[in-house]
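Q: Once you've had a glance at the structure underneath, I'll fire off some questions.
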Amino acid sequence: MADMPAPCLTAEEFQRRLLTWFDQYGRHDLPWQSPRSAYRVWVSEIMLQQTQVTTVIPYFKRFMERFPTLEALANAPQDDVLHLWTGLGYYARARNLHKAAQVALEDHDGELPADSIEALMALPGIGRSTAGAIVAQSSGQQAAILDGNVKRSLTRLHAISGWPGKPAIERSLWALAEYYTPDTRLADYTQAMMDFGATLCKRGKPDCLICPFNDVCRAYAQGEPQRFPESKPKKTLPTRETIMLMLRDRQGRVWLKQRPPSGLWGGLWSLPQFERHGELNDWLADYVVSPERHAPLPSFTHTFSHFHLSITPQPVNCDRLSGVREDGVWYDVNDPPALGLAAPVKSLLSQLATFTLDPTPGPSR
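The numbering used here numbers the first residue of the sequence shown as -9 and each following residue consecutively.
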């Protein structure tokens, strides 16, 4: 542990203080805690990446009702998985979850290899911290975690300068995380570390006055806990533009196309997209019978991690498509099929329905 900063407490004292706080103030009634299994912990951990607990809970419950076992998830169509994920965002998580279930079904006799960090990390979508959380909470074996909440807490406690995503700083934080991790009460300790960062050592306004570590917290001693952790250096996000075709037939159904399996909105169903109106016009001329074009709806922006997407919805009514197109489906907004939808598409379809589709909560844990 050559990269480890000087700890603020002995490991035993750190564990004692944290677990004493957790026993009184921690979250003990989360749906994935009872019954607790490697499968349920895994699904919850994937959902909780970049997403708040309050947002995840209803999604988790619906997901478990539909896919109560790893085998049920592995054998389900991807559309069913993405449909239940619609609104959680970061859809690669859902695709990886589905793929990992299929790999586990084939290579690990239908079970997660929850006794091995390395075997878990070999599955799609499972990194070191997620693997540690699964092992610690389901098997009780010693395994450290380092999610965003833990990074923030350890960075403040030790006043570690710099962006935690830098490899050298991340190595230091992993060394601290492993130093403090006990060999008993692993499930409680792991949940306590997540709860501490989420409910006490919060991003915006940490509750330092009631923190069990305020006498040893170096950021608090400096009088500026909110300076830690330092933010990732910002880049100006570029803006791209797209036209989304809202093509409706005489029955009021909307034409949707499935996105490619990887990349932007991979595997989800979306309105056809065009970069320019000329491309849209050519497509309408080639494939649409009796198109009736209406005025575009107001443009709006959907932001991804690496760019802004300016979307202009273009309504068009028609009699039908000329010929069968295998990459699309007519979507009945008033009797919607179970399809995974891109978030802005779900919002636009909700405006067309006589009733409102399920609301789309936005992500952060």
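Ideal placement from N, C-alpha and C gives every residue a C-beta, glycine not left out.
For Asn307, which three-state DSSP category applies?
A: Three-state DSSP puts Asn307 in a strand.
Q: Starting from Gln92, follow the alpha helix (DSSP H) in both directions and report where the run begins and ends.
A: Element bounds for Gln92: 82 to 97.
Q: Output yes or no for whether 8 Å exceeds the beta carbon distance between Phe218 and Arg266.
A: Cβ distance not < 8 Å, so Phe218 and Arg266 don't count as in contact.
Q: Rounding to the nearest angstrom, what Cα-Cα distance links Thr293 and Ser337 in this structure?
A: Between Thr293 and Ser337, the C-alpha separation is close to 14 Å.
Q: Under 8 Å, do Ala66 and Leu95 count as touching if we go by C-beta distance?
A: No. Outside cutoff.
Q: Sort Gly79, Ser106, Arg175, Met(-6) by Cα distance to Gln5 and report the nearest one.
A: That would be Arg175, whose Cα lies nearest to the Cα of Gln5.
Q: Out of His298, Gln241, Leu287, which has the shortest C-alpha to C-alpha gap to Lys225?
A: Nearest C-alpha to Lys225: His298.
Q: Should Val46 be labelled buried (16 or more other beta-carbon atoms within 10 Å of its own) or exposed?
A: Buried: at least 16 other Cβ atoms inside 10 Å.
Q: Considering Cα atoms alone, identify which of Ile124, Glu108, Leu72, Leu60 is closest to Val357.
A: Since the first and last residues shown for the chain are -9 and 355, residue 357 lies out of range.
Q: Per DSSP, Ile233 is paired with what?
A: Answer is Phe264, Thr302, bridged to Ile233.
Q: Check for me: the alpha helix (DSSP H) holding Gln341 runs from which residue to which?
A: Where Gln341 is concerned, the enclosing alpha helix (DSSP H) stretches over 333 to 342.
Q: Which residues share a DSSP beta bridge with Lys247?
A: Ser260, Gly318.
Q: Between the alpha carbons of Pro353 and Asp69, how many angstroms are there, rounded?
A: Its pLDDT being 38, under 50, Pro353 is placed unreliably in this model, and the coordinates cannot settle the point.
Q: Run the CB neighbour count on Arg52, radius 10 Å, all protein chains shown included, and call it buried at 16 or more, exposed below.
A: Counting Cβ neighbours within 10 Å, Arg52 comes out exposed, since fewer than 16 surround it.
Q: Under 8 Å, do Ala149 and Gln212 count as touching if we go by C-beta distance?
A: Contact: yes.
Q: With the cut-off set at 8 Å, would you say His73 and Leu254 are in Cβ contact?
A: Cβ distance not < 8 Å, so His73 and Leu254 don't count as in contact.
Q: For Phe290, report the span of its beta strand (DSSP E) as first-last.
A: Where Phe290 is concerned, the enclosing beta strand (DSSP E) stretches over 290 to 293.
Q: Taking Cβ to Cβ, would you say Leu258 is nearer than 8 Å to Ala332?
A: Their beta carbons are under 8 Å apart, which means Leu258 touches Ala332 by this criterion.
Q: Decide if Lys156 is buried, meaning its Cβ has at least 16 other Cβ atoms within 10 Å, or exposed.
A: So Lys156 counts as exposed.
Q: In the DSSP output, what is Glu282 paired with across the bridge?
A: Paired residue(s): Asn307.
Q: By alpha-carbon positions, which one of Phe186, Pro286, Pro172 ends up nearest to Gln14?
A: Measuring from the Cα of Gln14, the nearest candidate turns out to be Phe186.
Q: Spatial neighbours of Leu(-1) within its chain, please: C-beta separation below 8 Å, excluding the five flanking residues on both sides.
A: Cβ neighbours of Leu(-1) beyond the five flanking positions: Arg7, Phe203, Val206.
Q: Specify the secondary structure class of Arg6 as computed by DSSP and reduced to three states.
A: DSSP places Arg6 in helix when its eight states are reduced to three.
Q: Please work out which residues of its chain come closer than 6 Å, Cβ to Cβ, to Met184, disregarding the five sequence neighbours upstream and downstream, and give them in chain order.
A: If we look at Met184 and ignore the five residues flanking it on each side, its Cβ neighbours are Asn139.
Q: Please determine, among Pro327, Ala182, Ile200, Pro154, the residue with the shortest C-alpha to C-alpha distance to Phe12.
A: Of the candidates Pro327, Ala182, Ile200, Pro154, the one whose C-alpha sits nearest the C-alpha of Phe12 is Ala182.
Q: According to DSSP, Arg426 sits in a beta bridge with which residue or residues?
A: Residue 426 lies beyond the stretch modelled for the chain, which goes from -9 to 355, so this question has no answer here.
Q: Do Gln127 and Thr180 have their C-beta atoms within less than 8 Å of each other?
A: Yes. Within cutoff.
Q: Applying the 10 Å Cβ sphere with the 16-neighbour rule, what's the burial state of Glu214?
A: Counting Cβ neighbours within 10 Å, Glu214 comes out exposed, since fewer than 16 surround it.
Q: Less than 8 Å between the C-beta atoms of Arg283 and Val306, yes or no?
A: Contact flag set, yes.
Q: Does DSSP put Ile393 in a helix, a strand or coil?
A: A question about residue 393 goes unanswered here, because the residues of the chain that appear run from -9 up to 355.
Q: Please classify Asp178 as buried or exposed, where buried requires at least 16 other C-beta atoms within 10 Å of its C-beta.
A: Under this definition Asp178 is a buried residue.
Q: Taking the C-alpha atoms as reference points, what is the distance between Met37 and Ser119?
A: Straight-line Cα distance between these residues: approximately 14 Å.
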